[in-house]
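Worksheet for the structure shown next.
2 protein chains.
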Amino acid sequence: MQELSARDITVLFLSLGILLGAARLMGELAQRLRQPAVLGELLAGVLLGPTVLGTVAPELNAFLFPAEGPSAVALKAIATLAIALYLMVAGIEVDLSTIWRQGRIGAKIGLASVAIPFACGLAAAWLAPMALGRRPEADGLVFMLFLAVALSISALPVIAKTLMDMDLYRSDLGMVVVSAAILNDLVGWIIFAVLLGLLGHGEGNGIVLTITLALAFSAVMLTVGRWLIHKALPYVQAYTRWPAGELSFAIILALLGAAFAAWIGIHAIFGAFLVGAALGDSVHLRERTRVTIEHFISSIFAPLFFAGIGLHVNFRAHFDGLLVLKVLALTVACKLAGGYLGARWGRMPAREAWAVGFAMVSVGAMGIIVGLIALQAGIIGQRLFVALVIMAMATAMLSGPALRLILKPARKWAPRDALSAKLFLRHLKFCTRREALEEMVHAACTVAGLDPQRILTEVWSREETLSTGIGNGIALPHARVAGLREPILTVGICDGGIDFDAPDGQPAHILFLILTPADDPRAQLTMAAEIARLFRKQAVLDRALRTRSFTDFLALMSTSTESDPIR
Amino acid sequence: MQELSARDITVLFLSLGILLGAARLMGELAQRLRQPAVLGELLAGVLLGPTVLGTVAPELNAFLFPAEGPSAVALKAIATLAIALYLMVAGIEVDLSTIWRQGRIGAKIGLASVAIPFACGLAAAWLAPMALGRRPEADGLVFMLFLAVALSISALPVIAKTLMDMDLYRSDLGMVVVSAAILNDLVGWIIFAVLLGLLGHGEGNGIVLTITLALAFSAVMLTVGRWLIHKALPYVQAYTRWPAGELSFAIILALLGAAFAAWIGIHAIFGAFLVGAALGDSVHLRERTRVTIEHFISSIFAPLFFAGIGLHVNFRAHFDGLLVLKVLALTVACKLAGGYLGARWGRMPAREAWAVGFAMVSVGAMGIIVGLIALQAGIIGQRLFVALVIMAMATAMLSGPALRLILKPARKWAPRDALSAKLFLRHLKFCTRREALEEMVHAACTVAGLDPQRILTEVWSREETLSTGIGNGIALPHARVAGLREPILTVGICDGGIDFDAPDGQPAHILFLILTPADDPRAQLTMAAEIARLFRKQAVLDRALRTRSFTDFLALMSTSTESDPIR
Chain R
-10 MQELSARDIT VLFLSLGILL GAARLMGELA QRLRQPAVLG ELLAGVLLGP TVLGTVAPEL
50 NAFLFPAEGP SAVALKAIAT LAIALYLMVA GIEVDLSTIW RQGRIGAKIG LASVAIPFAC
110 GLAAAWLAPM ALGRRPEADG LVFMLFLAVA LSISALPVIA KTLMDMDLYR SDLGMVVVSA
170 AILNDLVGWI IFAVLLGLLG HGEGNGIVLT ITLALAFSAV MLTVGRWLIH KALPYVQAYT
230 RWPAGELSFA IILALLGAAF AAWIGIHAIF GAFLVGAALG DSVHLRERTR VTIEHFISSI
290 FAPLFFAGIG LHVNFRAHFD GLLVLKVLAL TVACKLAGGY LGARWGRMPA REAWAVGFAM
350 VSVGAMGIIV GLIALQAGII GQRLFVALVI MAMATAMLSG PALRLILKPA RKWAPRDALS
410 AKLFLRHLKF CTRREALEEM VHAACTVAGL DPQRILTEVW SREETLSTGI GNGIALPHAR
470 VAGLREPILT VGICDGGIDF DAPDGQPAHI LFLILTPADD PRAQLTMAAE IARLFRKQAV
530 LDRALRTRSF TDFLALMSTS TESDPIR
Chain G
-10 MQELSARDIT VLFLSLGILL GAARLMGELA QRLRQPAVLG ELLAGVLLGP TVLGTVAPEL
50 NAFLFPAEGP SAVALKAIAT LAIALYLMVA GIEVDLSTIW RQGRIGAKIG LASVAIPFAC
110 GLAAAWLAPM ALGRRPEADG LVFMLFLAVA LSISALPVIA KTLMDMDLYR SDLGMVVVSA
170 AILNDLVGWI IFAVLLGLLG HGEGNGIVLT ITLALAFSAV MLTVGRWLIH KALPYVQAYT
230 RWPAGELSFA IILALLGAAF AAWIGIHAIF GAFLVGAALG DSVHLRERTR VTIEHFISSI
290 FAPLFFAGIG LHVNFRAHFD GLLVLKVLAL TVACKLAGGY LGARWGRMPA REAWAVGFAM
350 VSVGAMGIIV GLIALQAGII GQRLFVALVI MAMATAMLSG PALRLILKPA RKWAPRDALS
410 AKLFLRHLKF CTRREALEEM VHAACTVAGL DPQRILTEVW SREETLSTGI GNGIALPHAR
470 VAGLREPILT VGICDGGIDF DAPDGQPAHI LFLILTPADD PRAQLTMAAE IARLFRKQAV
530 LDRALRTRSF TDFLALMSTS TESDPIR
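Protein sequences, first through last, are from chains R and G.
The first sequence runs contiguously to residue 556 in the working numbering.
The second sequence runs contiguously to residue 556 in the working numbering.
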């Protein structure tokens, strides 16, 4: 039995810890800049891999991430496991019933956004294969098909996140785009599986057999498999320990599905994806299991995988600016055309059709995964891989701002984002209604450069019309201020409580002074509603009164809100 | 770069899927038989490893779990990662403040239950090393210390679970035992770390340096490290995405702690354990993060690790009955003495002191982990390892029944366990109060062999005194029945609703007929309270009315209760 040496174990844990740490840190930074987390995670790998650390400190790089030996194999295996489980989560998000509900428009956009980029990709790869980075030794047909797939796949998680950020996820437009992206994902992955079958990577299965098996596997999983899982879940819940039973049932199925897909000769991740799609579609899958799987996999496994990509490729040495531009221009043009024409075919108005087009442009994580598998299978070289990664990230970054420009959605204000350390008055000096408001208005006006007298008058007149104590120990004094560009939230705490004439007769302990732009009537309502929702539980007020610093308070507000989607 | 071949990937996913599947299945069976899950998980590995599958179908065994090559390395690495993360969870359960609260008695028992078995182990290994399975080439002192540690470590999770099952966890006795076990764990692991230091397995550090570093690392983590983590958590919560930030913060620290411990020259798991102990002690660590980590690791990683043990050792070939008996007798005697004398020293009455002694006897998972590390480090041979594993399991199985025999706790009845398919009347024939009760009483009496007329009279007279409609669409008719040995729960559902004179004026849709033994007054109250708690949420009633079969209903009851601890 091959044992791992103490040194191997040290390196394994150290490299995993550093990789995950850097990936999460950079991922957080990317999200702070309103970019997808995967962008930061990739950059973390680039920093730790041959591109930067390997050049600056090659010995440290070789120690942490050796290219050979047990730790290298272990890291590879963990990355493979990570990506399979991540694809399982992506599969869980594929809600087939959404497609049926949205009906024809979603299907039209989905089909057009696969077919048009696919056709473009085929044509481009046929016309100018070398200019697009085809390796001379790669098979021409395989390369054409690969480029077609790489152009037609889209990033459901990034698209969903962008729509959520703009509060459009549940809108008609949002649901159409999501259902199109789901269809796109599903069709794209099945075509890709067939393409991998063409390479005949299986256990000696012939190409025809592999492709037949891949299609049969997809068909069976999405019909009979889905039905069987749906029937089995209540038994798992009834006769095993909760929640361990359901959780491990899901993971075991994903592992076996991955093994089967790998055995057929297509990639393991495809099996995990299909299992996820079949699982996520059952109403019996409990929210809690879904959330535990998604959180653990998205915040541990996915960052490890994406950062791991940068470890194997030198992005500087293989960077080819012209190729990047060509791939990027081709992708944006094809995908925009696909989404736009699909939407027009579904009789959507032009402006919305452009929005659909830009939403579907985002390639993101899925494009990177497709590229990596193609790189490993020898279909493409490192130069094209680097270009694909940059293209995938650039399109993901482009999509959100373009959508905002076209749709001009009202910005969604969350109380958490409007808080600041300067406007957190932990101990109000005077605990009467008038004096507390004066103190808070002065603080807010100093920071925002407003006239305190004018604001106080407005806040107070509102207060006199109808008191803003809403009960549960909270009061929400507010005013709409002409000329203000974004909401200002001032928090004042009085441990002893102030009478705010609340319906439940309780004094107010925490005062949120909400100043919002006069021309954005929704801002104040959404802020007030969110704060009221947060403090519905008595425990949150109790905890808030035990906070000692702004950070404590912000931590409480963050961990008491609904969890953020992290991709 | 070493790539994993398609075959390696197939084998990796297949072996992980089968190993996890078998482990969870056997673990569930073990728990159904009121045994620790780890027993079933170990047996799953024994079945799949050389002991059974390797003998019956050696080729299949060699294909699934090869001894060499990339899949073997990958499986080893994943098992190492799994055990480190499992120890992190064990560390999170170590609540240092419990020790302080319980004060002297806990500390006395904890110290005695380490010191006495430790002294016994030293003495036994000195007097009869060869009879206890010392390998001739192993260092005498190291072997003595190892046996001393193996005898003195105890299984906090098993002990906690046993106490919970008997509803004793929050009792005075329970808290004393738990705090003693925590202290025992902590001291035991630190001594073991020092022992590993003696082996000088580090990166060329000398023995003295290794031991100094191990002690310093422990001291720093439990004081400064603990304080730093406590201070850092609010920042993590305030300035990163929730819950991804906190979750990955915890895992990153555990990985780095493990790497540091491995680098020092003690085992990686010790670092993860210390990080867990420091983390779990902070009141800032949110329940949700704790639960996500515990569920994912306990139901995926831990079963993989424990089943994996069976893959490397042939339990049949290395089984030595006499050695098993000697090790078992020695352990039971020493640990019983340690717990009993410690409790007497703390002035506990004799009966309770015996209960403490039997609670501390349980070695369980921790003993297996210590044994495995010693096996890998070459301190012990396979024969002694097998004996230790059997001893660890036997003591874990002995502990619960012995405690029950001594303390004779009232059995804790959960509604979920009293349900049966025969007594689930999905559609009551008549929806009036009297007729519905008649139908349910008849069904219950047929199954239990009781006189329906007598029971109906009792149930009805109770109903006439005070109606049992408790609101939320639920009614809890009941009677205490002389001669009944365990509670019988009959469920009747009437979609249209029956007037049960509930305080909220709502008709009852689900009737739970609770028949309990006349001599167990608590049974009826705990059942009724638990059912009322479950149906406090309107969603549970709605879901219950949508169930179509007994399995659906049982699944709903299972997934709506508090989650079971799974170890």
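Just so you know, even glycine gets a beta-carbon here, dropped at the ideal spot from N, CA and C.
Contacts that residue i makes with chain R (C-beta to C-beta distance below 7 Å)
{"i": "D541 (chain G)", "result": "P223"}
{"i": "I(-2) (chain G)", "result": "T69, A251 and A257"}
{"i": "I548 (chain G)", "result": "A quick correction: the sequence has Thr, not Ile, at residue 548 (chain G). Chain R residues near T548 (chain G): Q226, W231 and R275."}
{"i": "Q365 (chain G)", "result": "E(-8)"}
{"i": "T281 (chain G)", "result": "T281, H284 and F285"}
{"i": "G10 (chain G)", "result": "I241"}
{"i": "L5 (chain G)", "result": "L244"}
Any non-hydrogen atom of the ligand FMN closer than 8 Å to residue i Cβ
{"i": "Y228 (chain R)", "result": "With respect to the ligand FMN, the structure offers nothing, as it holds no ligand at all."}
Residue interval of the beta strand (DSSP E) (run including residue i)
{"i": "F501 (chain G)", "result": "A497 to P506"}
{"i": "C483 (chain R)", "result": "I477 to I487"}
{"i": "A468 (chain G)", "result": "H467 to V470"}
Minimum Cβ-Cβ distance from residue i to chain G less than 9 Å
{"i": "Y158 (chain R)", "result": "no"}
{"i": "H561 (chain R)", "result": "Past the boundaries of the shown model lies residue 561 (chain R); chain R is included only from -10 to 556, so the question cannot be answered."}
{"i": "A(-5) (chain R)", "result": "yes"}
{"i": "P118 (chain R)", "result": "no"}
{"i": "T44 (chain R)", "result": "no"}
{"i": "R13 (chain R)", "result": "yes"}
{"i": "L361 (chain R)", "result": "no"}
{"i": "L244 (chain R)", "result": "yes"}
Any chain R beta carbon closer than 9 Å to residue i
{"i": "K65 (chain G)", "result": "yes"}
{"i": "T229 (chain G)", "result": "yes"}
{"i": "P559 (chain G)", "result": "Chain G is shown only over -10 to 556; residue 559 (chain G) falls outside these bounds and no answer can be derived."}
{"i": "F206 (chain G)", "result": "no"}
{"i": "D553 (chain G)", "result": "Residue placement at D553 (chain G) is flagged as unreliable, the pLDDT there being 46, under the threshold of 50; a coordinate-derived value is accordingly withheld."}
{"i": "A79 (chain G)", "result": "no"}
{"i": "S538 (chain G)", "result": "yes"}
{"i": "F2 (chain G)", "result": "yes"}
{"i": "L217 (chain G)", "result": "no"}
Cut-off 8 Å between Cβ atoms - residues of its own chain near residue i, not counting five sequence neighbours on either side
{"i": "D174 (chain G)", "result": "A79, V83, I142, S143, L145 and M355"}
{"i": "I200 (chain R)", "result": "V183, G186 and L187"}
{"i": "M380 (chain G)", "result": "V313, V316, L317, T320, V352 and G356"}
{"i": "S388 (chain R)", "result": "V147, I148, T151, F347, A348, V350 and S351"}
{"i": "E192 (chain R)", "result": "Because the pLDDT at E192 (chain R) is just 49, under 50, the model does not fix this residue reliably, and the value given afterwards should be weighed accordingly. Counting only Cβ-Cβ distances below 8 Å, and skipping sequence neighbours, we find W252 and G254."}
Same chain, Cβ closer than 6 Å to residue i, five either side skipped, listed in chain order
{"i": "F489 (chain R)", "result": "S456, G458, A464 and A497"}
{"i": "I482 (chain G)", "result": "R415 and I499"}
{"i": "D493 (chain R)", "result": "G460"}
{"i": "T548 (chain R)", "result": "none"}
Interface residues of chain R facing residue i [CB-CB closer than 9 Å]
{"i": "E17 (chain G)", "result": "Y228, T229, R230, A233 and G234"}
Chain G residues whose Cβ lies nearer than 7 Å to that of residue i
{"i": "V62 (chain R)", "result": "Q(-9), P59, V62 and A63"}
Element boundaries [alpha helix (DSSP H), containing residue i]
{"i": "I196 (chain R)", "result": "I196 to V209"}
{"i": "I240 (chain R)", "result": "A233 to I253"}
{"i": "G163 (chain R)", "result": "D161 to L187"}
Partner residues on chain G for residue i, Cβ-Cβ distance less than 8 Å
{"i": "I289 (chain R)", "result": "L236, S237 and I240"}
{"i": "Q20 (chain R)", "result": "R230"}
Quiz item: Counting Cβ pairs closer than 8 Å, one from the stretch 426 to 438 of chain G and one from the stretch 400 to 408 of chain G, do we hit at least three?
Solution: no
Quiz prompt | Stretch-stretch touch, CB-based, cutoff 8 Å, three pairs: the stretch 106 to 125 of chain G with the stretch 322 to 337 of chain G | solution = Output reads yes: the stretch 322 to 337 of chain G touches the stretch 106 to 125 of chain G.
Quiz item: Taking contact to mean at least 3 C-beta pairs separated by less than 8 Å, is the stretch 243 to 259 of chain R in contact with the stretch 298 to 314 of chain R?
Solution: no
Practice problem: Could you tell me whether the stretch 58 to 75 of chain G touches the stretch 329 to 342 of chain G, where touching means 3 or more Cβ pairs closer than 8 Å? | Solution: no
Practice problem: Could you tell me whether the stretch 234 to 249 of chain G touches the stretch 160 to 176 of chain G, where touching means 3 or more Cβ pairs closer than 8 Å? | Solution: Because the criterion of three Cβ pairs below 8 Å is not met, the stretch 234 to 249 of chain G and the stretch 160 to 176 of chain G do not touch.
Practice problem: For the stretch 199 to 213 of chain G and the stretch 258 to 276 of chain G, state whether three or more C-beta atom pairs, one from each stretch, are separated by less than 8 Å. | Solution: Judged by Cβ distances under 8 Å, the stretch 199 to 213 of chain G makes contact with the stretch 258 to 276 of chain G, as three or more pairs qualify.
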